[in-house]
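Asker: Take this structure, written in structure tokens, and hold onto it; I'll ask about it next.
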Amino acid sequence: MSLELIHSRRFDLTNRILIAEDEPRIAAFLEKGLRASGFATAVAQDGHEAVLMAQDENFDLLILDIGLPGKDGWMVLEELRGQGEQLPIIILTARDDVTDKVAGLDGGADDYVTKPFRFEELLARVRVRLRDNGTPKRQEEIVLKAGNIVLDLLKRQAWVGNRPVNLSAQEFTLAETFLRHPGQVMSRQQLLSRVWGYDYDPSSNVVDVCVGYLRKKLGRHCIETVRGFGYRLRT
Ligand code: CA
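If you count the sequence shown from 1, you need to add 966 to reach this note's numbering.
What follows is the structure in structure tokens.
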């Protein structure tokens, strides 16, 4: 049994994403997740650097934290758009700071995500922006399949064989994470950060509980426990 990518066409060119984020923990979380999802990344740690890098290098998308030293995210946005820069921009902002300015996407941002965020939520928005911005360099998979399990990523629908299965949002994201890494052992920490977010309590047992639900819905033996390490999609 192997992962099959249906309707997918891959190109060598990789989308490049600039991350403007001064908090090392969040920048590292984003880089790791985006690279694992097939993107190339670079990090700017302050507003000045973000503007220079966005001007000088060829990026396909900018993830822009509002609370940056030097120049804040609003100044970066204003400067780039003032220069006619068309780069899609997704703003990261604290939930408490969501003002009309953010929600209305004034100032030329394309979308925003509030902190704390789950990686998969941000990734979904990145994919939408790259699609909207003309031809994505690398067309993303629409359907993932492993054995008799099928996930339609656009409709967020799962099947076992021909039988549709209802999954909660987190169950679906967890299943997607397993199907993207067939046969690979995923630690609880990896699954927590990808599905629940970077600031989720590592002592929580949500991963184990959600794996239990997936086994009930997708088949008892689809996910195996690797004692002391985590879980693996059986291949
Ligand atoms: Ca910040």
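Every residue gets a Cβ at the ideal spot worked out from N, C-alpha and C, and that includes glycine.
Pick from Val1079, Thr1191 and Ala1016: whose alpha carbon is nearest that of Met1152?
Answerer: Along the sequence shown, read from residue 1 onward, the residue named residue 1152 stands at position 186. With distances taken between Cα atoms, Met1152 lies closest to Thr1191.
Asker: Can a CB atom of chain C be found closer than 7 angstroms to the CB of His1014?
Answerer: Going by chain labels, chain C is absent from the structure shown, which holds only one protein chain.
Asker: Any heavy atom of ligand 1 closer than 6 angstroms to the beta-carbon of Gly1033?
Answerer: What you label residue 1033 is simply residue 67 of the sequence shown in a count that begins at 1. It does: the Cβ of Gly1033 is within 6 angstroms (strictly closer) of some heavy atom of ligand 1.
Asker: How about Ala1055 and Arg1091: are their beta carbons less than 7 angstroms apart?
Answerer: In the sequence shown, residue 1055 corresponds to position 89, counting from 1. In the sequence shown, residue 1091 corresponds to position 125, counting from 1. For the sequence presented, residue 1055 should be read as Ile rather than Ala. Their beta carbons are not under 7 angstroms apart, which means Ile1055 does not touch Arg1091 by this criterion.
Asker: Here's the rule I'm using: 16 or more other beta-carbon atoms within 10 Å means buried, otherwise exposed. How should Lys1111 be labelled?
Answerer: For the purposes of this step, residue 1111 is taken as residue 145 along the sequence shown, with counting starting at 1. Here Lys1111 is buried: its Cβ has 16 or more other Cβ atoms, across all protein chains shown, within 10 Å.
Asker: So which of Tyr1078, Leu996 and Thr1201 has the shortest CA-CA distance to Ile1032?
Answerer: Taking the first residue of the sequence shown as position 1, residue 1032 is located at position 66. Per the Cα distances, Tyr1078.
Asker: Tell me which same chain residues have a C-beta within less than 6 angstroms of the C-beta of Thr1101, skipping the five on either side of it?
Answerer: Translated into positions along the sequence shown, residue 1101 becomes position 135. The predicted model places Thr1101 with a pLDDT of 48, which falls under 50 and marks its position as unreliable; any figure quoted below should be read in that light. Counting only Cβ-Cβ distances below 6 angstroms, and skipping sequence neighbours, we find nothing.
Asker: Is Gln1011 helix, strand or coil when you go by DSSP?
Answerer: As a position in the sequence shown, residue 1011 is number 45, starting the count at 1. Of the three classes helix, strand and coil, the one that applies to Gln1011 here is coil, per DSSP.
Asker: Would you call the CB atoms of Gln1136 and Val1161 closer than 7 angstroms?
Answerer: Numbered from its first residue, the sequence shown carries residue 1136 at position 170. Numbered from its first residue, the sequence shown carries residue 1161 at position 195. Yes; because the gap between Cβ atoms is below 7 angstroms, this pair is in contact.
Asker: Considering only residues of the same chain and omitting the five flanking positions on each side of Gly1194, which have a CB-CB separation below 7 angstroms?
Answerer: Numbered from 1 along the sequence shown, position 228 holds the residue referred to as residue 1194. Closer than 7 angstroms at the Cβ level, and outside the excluded window around Gly1194, lies no residue.
Asker: State whether the region 982-991 contacts the region 1012-1019, with contact taken as three or more CB pairs (one from each stretch) at a distance under 8 angstroms.
Answerer: yes
Asker: Can Glu997 be considered in contact with ligand 1, in the sense that its beta carbon sits closer than 6 angstroms to one or more heavy atoms?
Answerer: The residue you call residue 997 lines up with position 31 of the sequence shown. Outside the cutoff, so no.
Asker: Could you give the distance in angstroms between the alpha-carbon of Leu1030 and the alpha-carbon of Val1094?
Answerer: Within the sequence shown, the letter at position 64 stands for residue 1030. Within the sequence shown, the letter at position 128 stands for residue 1094. When rounded, the distance between both Cα atoms is 16 angstroms.
Asker: So is the beta-carbon of Glu1086 under 6 angstroms away from any non-hydrogen atom of ligand 1?
Answerer: Numbered from 1 along the sequence shown, position 120 holds the residue referred to as residue 1086. No.
Asker: For Gly1196, write down the residues that DSSP places opposite it in a beta bridge.
Answerer: If you number the sequence shown from 1, residue 1196 lands on position 230. DSSP output for Gly1196 lists Ser1153 and Val1192 as bridge partner(s).
Asker: Is Asp988 near ligand 1, in the sense that its beta carbon is under 6 angstroms from a heavy atom of that ligand?
Answerer: Stepping through the sequence shown from its first residue, residue 988 is reached at position 22. Asp988 has its CB nearer than 6 angstroms to a heavy atom of ligand 1.
Asker: If you count every other CB in all the chains shown that lies within 10 Å of the CB of Thr1201, and 16 or more means buried, which is it?
Answerer: Locating residue 1201 in the sequence shown gives position 235, where the first residue counts as 1. Note on Thr1201: under 16 other CB atoms within 10 angstroms of its CB, so exposed under the neighbour-count rule.
Asker: Beta strand (DSSP E) containing Pro1130: first to last residue?
Answerer: Position 164 of the sequence shown, counted from the start, is the residue given in the question as residue 1130. That run of the beta strand (DSSP E) goes Arg1129 to Val1131.
Asker: With distances taken Cα to Cα, identify the nearest neighbour of Gly1039 among Asp1022, Ala1002, Thr1059 and Asp1026.
Answerer: Locating residue 1039 in the sequence shown gives position 73, counting from the first residue. Selected option, being the one with the closest Cα: Thr1059.
Asker: In whole angstroms, give me the CA-to-CA distance for Ile1189 and Leu1145.
Answerer: Taking the first residue of the sequence shown as 1, we reach residue 1189 at position 223. Taking the first residue of the sequence shown as 1, we reach residue 1145 at position 179. Near 10 angstroms, if we compare the C-alpha coordinates of Leu1145 and Ile1189.
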